[in-house]
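Protein chains: 2
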Amino acid sequence: MNKNITMRDIANQLGVSSVTVSKALNDKEGVSDELKERIKQLASELGYRVNMAAKTMREGLTYNIGVIIPERFTGPDQSFYLRVYQEISKSLEATGYYGILHILSGSDEEGLLLPRIYYDRKVDGFIVLGQINKSYIEVIENIEQPKLFLDFYDEHSSIDSVVTDNFYGAYELTNYLIQQGHRDIAYVGNLYSTSSIQDRFLGYYKSLLEHHIHLEPKWIINDRDEQGTYIDIELPSPLPTAFVCNCDQVAYSVVQKLKLMGHRVPEDCSVVGFDNDIYATLMEPHLTTIDVNINQMAQTAVQSLLRQINHPDVRFGRLVVKGEIIYRDSVKPLNPADRSE
Amino acid sequence: MNKNITMRDIANQLGVSSVTVSKALNDKEGVSDELKERIKQLASELGYRVNMAAKTMREGLTYNIGVIIPERFTGPDQSFYLRVYQEISKSLEATGYYGILHILSGSDEEGLLLPRIYYDRKVDGFIVLGQINKSYIEVIENIEQPKLFLDFYDEHSSIDSVVTDNFYGAYELTNYLIQQGHRDIAYVGNLYSTSSIQDRFLGYYKSLLEHHIHLEPKWIINDRDEQGTYIDIELPSPLPTAFVCNCDQVAYSVVQKLKLMGHRVPEDCSVVGFDNDIYATLMEPHLTTIDVNINQMAQTAVQSLLRQINHPDVRFGRLVVKGEIIYRDSVKPLNPADRSE
DNA sequence: CTGAAAGCGCTTACAG
DNA sequence: CTGAAAGCGCTTACAG
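The listed protein sequences correspond, in order, to chains P and X. Under UniProt numbering, think of the first position of the first sequence as 1, with each following residue one higher. Under UniProt numbering, think of the first position of the second sequence as 1, with each following residue one higher.
This is the structure:
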């Protein structure tokens, strides 16, 4: 019965024009309060629903945002970006927008193919969630629509970005380890893979510098290739007393590896991660890590992009969202006597 | 420069009508091959992109599907439905459709509020992913648009559904335990919470019946309240030799609990799960479980719903997607001598 | 306060 | 093979 009720139907039944109905339903000037009430009343009885497509065509706004996530971040054991997407979705809906997810396949990324949402003019703007390769960044840059990088950035690009505070997160985590008496501290992560891993490394390094601890090149341990595919981690020998891992999943692998070699965590080796994702509490011991404020990141991203849509000229640059150390059981204070040197 | 190029622009530049451009770009009859080529050529040079909103208004199809997930299934440690959503997204995009995610909050579900995508006519149909309460089912039923339940069903409802083969999955898993010599087998799950948990229980029960094993009421162990909130699991005493858990996450909890009590898995107790999600391989020992074919479920759901959109009269009823046992390390053959009675 | 006109960009049915 | 006309449902700008 509420089969495609239009404003005209309401107008006809009330003997007014559809212009008046439009004004009433949108709370615009120019309708008497009494008539407005009658219109709203009837609209609700008839189960009137706005036809967004008509609105879209008239205004040139789809009220959709495309969220692009590179496929390699969406494996069965990686739920982090999906959770971010979920938060984006919620933030968007609260403002009358909707998110459309596009998983960017490896081959499309290589072949520099834009997602279908682009060719179909399905969206008013794009959020790229997760680092894409240099050439694809250029392709995105050439899109003449608002866009934003989330959880990574590119120095050569003029595209706004929202990232978690990787640098200070890792810096504080490393400070904490040093406070606990550690001085032989390794960093696990490929420095050339993503801006996040690189910035976390730099935070770790800053902490080392401030404490006049020499950075041992052999204690920068690779965990993946530059495309982001995990490789087998080779632990150095002798072992450091602590590992700063670029993410919880890698921390989990490192702990597995240590256990396999007969070492105990944190008794023999302390380990910290980054993200506070599912790995942090599924592993034994529970991981000390940085809780990335996903909700805040999503909200910031959505707000920035929406502002870009409404004011195409304003730019934000790089927006940093603070994280927070979560202290758990993977770090042990080091007795000075235990030190290797 | 590709600022809102329309068919008319192409038509004007070529001195033809926009009707001809439309036909050419859509590969319809009635344009000479030569002209069609010129049109496509120019369209591509100009960076023409179709205006979906116009198409939508004309055809009355949005080419969007709403995917509704109850909030309680989307906690930080539950990525299963998000992964299903991801697969739905991919399946949809392959057919020119797009998914719009709506997380149904607990209060909206209680208050029987329909999502905004409904009021905005944003979608051509709905996939409800994850069991909703009875009253909300009725609300969904009254929507005069194609809809489908995914991963659950309701006997009183005429809405099509796609589910994994819960019954036979649990049946085969229990058969396997019995083959390994187990006879004291508990089931963990609230039988009144979801259709999946109920059907898995029934599969377990069928296996027991077939082997003439008495169903001990005390060995049906509760894991959550009827709203789905997890509760503390109380293990029975004496312990059975095996647990059939309604999902991997609960299997994980059970194993944690057993370990805490000083029991070893699988040496003292065997445990199996269902889903083959991240918990299955993150726990020690790795879990023997049923691999739910997420990709197949998503594809089946998308195809069914799309057919419903194009043929509003056809119904499928309940579609069952087969899963597969994944044998890992959480089950140990039971030596007859070990039996408790 | 109320409404007639025009137009967003496309496609279908029809005429030539 | 090609195109003029009409209409999908809305909203803005203008006239009364």
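Built from N, CA and C at the ideal position, the CB exists for glycine as well. For clarity, every value in this text was computed on a predicted model and none was experimentally measured.
How long is the line joining the alpha carbons of residue i and residue j, rounded to whole angstroms?
i: LYS218 (chain P); j: PRO236 (chain P); result: 7 Å
i: GLN13 (chain X); j: ILE39 (chain X); result: 10 Å
i: TYR327 (chain P); j: VAL265 (chain P); result: 15 Å
i: ASP277 (chain X); j: VAL292 (chain X); result: 9 Å
i: ILE185 (chain P); j: THR288 (chain X); result: 38 Å
i: TYR98 (chain P); j: MET57 (chain X); result: 18 Å
i: VAL123 (chain X); j: LEU150 (chain P); result: 27 Å
i: LYS259 (chain X); j: SER253 (chain X); result: 10 Å
i: ASN166 (chain X); j: PHE152 (chain X); result: 10 Å
i: ALA298 (chain P); j: VAL320 (chain P); result: 12 Å
i: SER340 (chain X); j: ILE213 (chain X); result: Caution is warranted here: a pLDDT of 48 is assigned to SER340 (chain X), below 50, making its placement in the model unreliable, and the coordinate value is therefore given only provisionally. The alpha-carbon atoms of SER340 (chain X) and ILE213 (chain X) are separated by roughly 14 Å.
i: MET1 (chain P); j: GLN256 (chain X); result: Residue confidence for MET1 (chain P) is low, a pLDDT of 37 falling below 50, so the modelled location carries little weight; the figure read from the coordinates is stated next. Using only the alpha carbons, I get a separation of about 54 Å.
i: ASN310 (chain P); j: ARG83 (chain P); result: 27 Å
i: LEU113 (chain P); j: GLU267 (chain X); result: 53 Å
i: LEU92 (chain X); j: TYR187 (chain P); result: 41 Å
i: ILE294 (chain X); j: SER89 (chain X); result: 12 Å
i: GLY15 (chain P); j: GLY15 (chain X); result: 45 Å
i: ASP19 (chain P); j: ASN51 (chain P); result: In the sequence under discussion, the amino acid at residue 19 (chain P) is Val, which differs from the Asp named in the question. Each residue's alpha carbon lies about 15 Å from the other.
Mind checking residue i: buried by the 16 CB within 10 Å criterion, or exposed?
i: ALA94 (chain X); result: exposed
i: GLY66 (chain P); result: buried
i: MET261 (chain P); result: exposed
i: ASN335 (chain X); result: exposed
i: PRO115 (chain X); result: buried
i: GLU87 (chain X); result: buried
i: ASP27 (chain X); result: exposed
i: ASN190 (chain X); result: buried
i: ASN142 (chain P); result: exposed
i: LYS134 (chain P); result: exposed
i: PRO240 (chain X); result: buried
i: HIS102 (chain X); result: buried
i: residue 342 (chain P); result: This structure cannot settle anything about residue 342 (chain P), because the visible part of chain P is limited to 1 through 341.
i: SER44 (chain P); result: exposed
Using a threshold of 8 Å, is the CB atom of residue i nearer than that to any non-hydrogen atom of the ligand NAD?
i: ASP151 (chain P); result: As presented, the structure is devoid of all ligands, the ligand NAD included, so that no description of it is given.
Within its chain, find whatever has a CB closer than 6 Å to the CB of residue i; leave out the 5 residues flanking it on each side and keep chain order.
i: PRO333 (chain P); result: GLN180, GLY181
i: SER17 (chain X); result: ALA11
i: GLN249 (chain P); result: TYR279
i: ASP154 (chain P); result: ILE137
i: ARG72 (chain X); result: GLY228
i: LYS322 (chain P); result: ASP165
i: ILE5 (chain P); result: LEU46, TYR48
i: ALA242 (chain P); result: LEU177, HIS182, ILE185, SER270
i: SER195 (chain X); result: PHE152, TYR153
i: ARG324 (chain X); result: Before going on, a small fix: residue 324 (chain X) reads as Glu here, not Arg. ASP291.
Pull the bridge partners of residue i from the DSSP assignment, please.
i: ALA280 (chain X); result: Paired residues: none, contrary to the question.
i: VAL272 (chain X); result: X:VAL244, X:THR288
i: HIS212 (chain P); result: In DSSP, HIS212 (chain P) forms no bridge with anything.
i: SER161 (chain X); result: X:PHE149, X:ARG318
i: LYS70 (chain P); result: According to the sequence provided, residue 70 (chain P) is Pro. The question's Lys does not apply to it. The partner list for PRO70 (chain P) (beta bridge, DSSP) reads P:LEU104.
i: GLU324 (chain P); result: P:ASP291
i: TYR136 (chain X); result: BP columns for TYR136 (chain X) are empty, so no partner.
i: ALA186 (chain X); result: X:PHE243
i: HIS129 (chain X); result: Checking the sequence, you will find Leu at residue 129 (chain X) rather than His. For LEU129 (chain X), which the question treats as bridged, DSSP gives the partners X:LEU150.
i: ASN64 (chain P); result: P:TYR98
i: ARG224 (chain X); result: X:TYR230
Residues in the same chain with beta-carbon distance under 7 Å from residue i, minus the five sequence neighbours each way, listed in chain order, please.
i: SER193 (chain P); result: ARG224, GLU226, GLY228
i: LEU215 (chain P); result: TYR205, LEU208
i: ARG318 (chain X); result: TYR153, SER161, VAL163
i: CYS247 (chain P); result: GLY273, PHE274, ASP275
i: ILE197 (chain P); result: GLY189, ASN190, LEU191, ASN246
i: GLU110 (chain P); result: none
Between which residues of its own chain and residue i is the CB-CB distance below 8 Å, once the five residues before and five after are set aside?
i: ILE231 (chain X); result: ASN222, ASP223, ARG224, ASP225
i: ILE100 (chain P); result: ASN64, ILE65, GLY66, VAL67, ILE117, LYS122, VAL123
i: TYR119 (chain X); result: none
i: VAL139 (chain X); result: LEU112, LEU114
- At least three beta-carbon pairs within less than 8 Å, the region 78 to 88 of chain P to the region 67 to 81 of chain X: Touching, yes, given that three or more Cβ pairs across the two stretches are closer than 8 Å.
- Item | Contact the region 314 to 328 of chain X vs the region 281 to 295 of chain X: 3+ CB pairs below 8 Å | Flag = yes, the region 314 to 328 of chain X and the region 281 to 295 of chain X touch.
- Meets three-Cβ-pair contact criterion under 8 Å: the region 164 to 173 of chain X and the region 198 to 208 of chain X: At 8 Å Cβ cutoff, the stretches touch.
- Three or more beta-carbon pairs under 8 Å between the region 308 to 316 of chain P and the region 98 to 112 of chain P, yes or no? no
- Message: Using a Cβ distance threshold of 8 Å, determine whether the region 19 to 35 of chain P contacts the region 54 to 69 of chain P, with at least three qualifying pairs required.
- Response: no
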